[in-house]
Structures are given as C-alpha cells and as structure tokens.
Amino acid sequence: MTRKGQSITLSISERDKAELENLAREFGMMWGDRPNISKLVEAIAQQRLLITPNNNWLQERITALKQAIDALTDAGDVEEALLIANLLLERSELSLPLRAEIERFLGNPPPPWRIELNQYIRREQPFQLSYQDATGRFWNFTVRHAKIVPYEERQYLDCWCEETEGNLDVEELHHNWSLRLDRIPEAGVIPISGKWRSNLDELQVEMHIHGRLAFAYKTKNEDVDSKLLEGSPPVRRVVRRISNTYWFIREVLRDAPDVLITSPENVRSLAKEKLKLLYRRYNLEISS
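Here you go:
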C-alpha cells in the first residue's frame with residue numbers, strides 16, 4: 006500500500022482483506038468505484054474513525070438482546086428484530102450455537118406478508134384476510150383491530166372482525182377471533198378503507214382462587230382487581246378483562262380445582278361443560 010512515497014505492507018489473509026474492503030466501502034473510503042483500504046487506515050490513524058473493543062459485552066447483555074429478538078418477533082415487530090439480530094451478529098462474544106441460530110433467523114426471516122401485516126396494525130389500517138381453519142375450510146374476515154399474541158408456543162392474530170358466523174364464543178365476544186398466523190395464506194391480506202377500533206371487545210370475569218395458589222398468584226396485566234378475602238381458608242378474588250373465553254378457560258382448567266369462575270354465568274357455564282366432558286370421558290358420575 007503506497008502513499009506519497011511512503012509504504013506499508015500488510016500481511017493478512019484474503020478473508021481479512023475482504024473484511025477491510027467491506028469496512029472501507031461501508032464508510033465511503035473509495036478509489037473510484039473500488040473500496041480503498043489505504044483511505045480506511047488513514048481515517049483510523051487520524052481518528053476520524055474510532056476503534057472500540059468488540060468483545061467486552063457481558064453475557065447478560067447478549068442474553069437480553071436475544072430475548073428482545075424473540076419478543077419482538079412474537080409481537081410481530083419483525084423489522085426491529087432483524088436490526089437487533091444484525092447488531093448481535095457483529096459481536097465476537099457470541100457462542101457458536103447462538104451465532105448459528107441468529108444466522109438462520111436472518112437467512113430465513115418472516116415472510117414479507119407478515120411484515121406488511123405488522124405495518125397495517127401499527128398504522129391502524131383496517132384490512133381483509135383469508136384464513137384456513139384446521140378442517141381446511143377457508144374464511145374471509147374484515148379486520149378493524151388486531152394484535153399478534155403468543156399462545157402455547159404459537160403465534161396468533163387476536164382480531165375484531167365484522168364477521169361473526171361460526172364464532173363459538175359468548176355473545177359479548179362474537180366479533181373477536183383468535184387466528185393462527187401460520188394458517189393465513191401468504192397473499193391473503195389486503196388493506197381496506199374504514200375506521201380502526203381502539204380495542205377488542207372485552208368482558209369482565211370474576212374468579213376465586215383457593216389453597217396455596219391464593220398466595221402464589223401473580224397479577225396479570227389484564228387483572229382489574231386482585232385481593233385476598235377475609236376468612237379461612239384463604240381465598241383470592243380476581244376480576245379480569247378477557248377478550249376470548251377459549252384461552253381463559255384453558256388457563257383456569259390448568260389449575261383446577263383451585264380456581265373457580267364465579268361470574269358471569271355464561272362463561273362459568275362454558276367451563277362447567279368442559280369439566281362435564283372430562284368426567285364423561287373418565288366414566289365418572291356427574292351429580293349436576
């Protein structure tokens with residue numbers, strides 16, 4: 006490498022040379038249309054470019070950023086997840102398995118329609134979508150509110166739709182649907198005109214939590230009230246806003262018999278029907 010009669014020789018591998026050329030190109034150090042390593046070195050020497058350590062991040066920071074990638078992806082914020090993934094990939098502290106996982110994510114990111122869907126939600130843009138249920142039947146929905154939510158290791162679109170046909174939820178929540186993202190066809194989302202709703206329809210439910218769970222219960226964001234009632238044995242009264250009885254009842258039945266739905270009666274009846282079906286399948290007698 007020569008400049009004004011002075012020269013310096015760099016003994017580097019072809020891979021390192023390519024990396025230096027990439028850096029020169031990234032920072033605009035060019036000779037014509039070719040990256041110029043000499044200009045890059047000169048900029049570093051003159052401190053116009055500063056060198057910082059690339060191996061001084063604590064493992065806690067790496068872990069937190071990886072968790073952020075997962076959380077953003079689950080929430081549908083794919084663009085932000087890709088930015089953090091690229092940032093992490095520049096670090097030398099990554100373990101080989103983690104580096105390979107991030108490279109796979111960058112090499113196979115969520116499809117363009119998923120990014121487009123997220124943009125509609127951010128812009129509060131109503132849209133129509135096609136959906137194929139577990140039986141193979143296709144449905145069309147007009148969506149006026151939506152959010153991407155993880156349930157049991159899958160991603161769902163919780164949405165308010167104009168259509169109610171086929172919805173098995175209680176009447177107050179007939180407009181709410183929970184649709185698996187992997188069952189939305191790739192070309193099945195298009196924007197439409199109209200107003201965006203501020204939220205899903207919601208219903209307040211009350212439940213009583215018994216036993217040790219009354220003390221161990223962790224309040225959720227959807228809880229309106231949570232307090233221990235006087236008396237023995239201990240009972241915790243929880244009032245919660247729900248938008249879908251299916252997921253709520255699944256959660257409640259995981260902790261049966263320590264959780265009792267007390268109101269409203271239509272939600273309580275749905276839970277009772279689930280329990281009756283369970284009893285019948287185990288050939289147990291039901292008194293009421």
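Take any residue in the sequence shown, note its place counting from 1, add 5, and you have its number in our numbering. We treat Cβ as the ideally placed atom computed from N, Cα and C, and that holds for glycine. Predicted, not measured: the structure shown is a model, and the values here were computed from it.
query	result
Of all the beta strand (DSSP E) runs that stay within the bounds of the stretch 191-219, which reach a length of 3 or more residues?	194-196 and 208-215
Nearest CA to the CA of Asn123: which residue from Val154, Glu256 and Leu101?	Val154
Within 10 angstroms of its Cβ, does Pro196 collect 16 or more other Cβ (buried), or is it exposed?	exposed
Once DSSP output is grouped into helix, strand and coil, what is the label at Leu162?	strand
Using a Cβ-Cβ cutoff of less than 8 Å, which residues in the same chain neighbour Leu301 once the five nearest sequence positions on both sides are dropped?	Because residue 301 is not part of the residues shown, which for the chain are 6 to 293, the question remains open.
Bridge partners for Arg242 per DSSP, in chain order?	His213 and Lys232
Do the CB positions of Trp165 and Leu208 come within less than 8 Å of each other?	no
Which of helix, strand or coil does DSSP assign to Thr68?	helix
Three or more C-beta pairs closer than 8 Å, one from the stretch 116-130 and one from the stretch 219-234: is that the case here?	no
Kindly list the residues whose CB is nearer than 7 Å to the CB of Trp62, restricted to its own chain and excluding five residues on each side of it in sequence; keep chain order.	Arg96 and Glu98
For the candidate residues Arg285, Arg149 and Val229, whose alpha-carbon lies nearest to that of Leu134?	Arg149
Please classify Tyr287 as buried or exposed, where buried requires at least 16 other C-beta atoms within 10 Å of its C-beta.	exposed
Rounded to the nearest angstrom, what separates Glu211 and Arg245 at their Cα positions?	7 Å
In whole angstroms, what is the alpha-carbon distance linking Glu235 and Arg242?	10 Å
Can you find the residues in the same chain that come closer than 6 Å, C-beta to C-beta, to Ser118, ignoring five residues on each side of it along the sequence?	It should be noted that the sequence gives Trp, not Ser, for residue 118. Within the same chain, Trp118 has close Cβ partners Glu191 and Val194.
Measure from the alpha carbon of Leu15 to the alpha carbon of each residue in Ser43, Gly37 and Arg39, then state which is nearest.	Ser43
Let me check one thing: in DSSP terms, what residues is Phe32 bridge-paired to?	Its beta-bridge partners do not exist; DSSP assigns none.
Answer yes or no: do Leu111 and Leu92 have a C-beta to C-beta separation smaller than 8 Å?	no
Residues in its own chain within less than 6 Å of Glu167 by CB, not counting five upstream and five downstream?	Thr147
Mark Pro131 as exposed unless 16 or more other C-beta atoms lie within 10 angstroms of its C-beta, in which case mark it buried.	buried
Do you know offhand how far Leu258's Cα is from Ser268's?	15 Å
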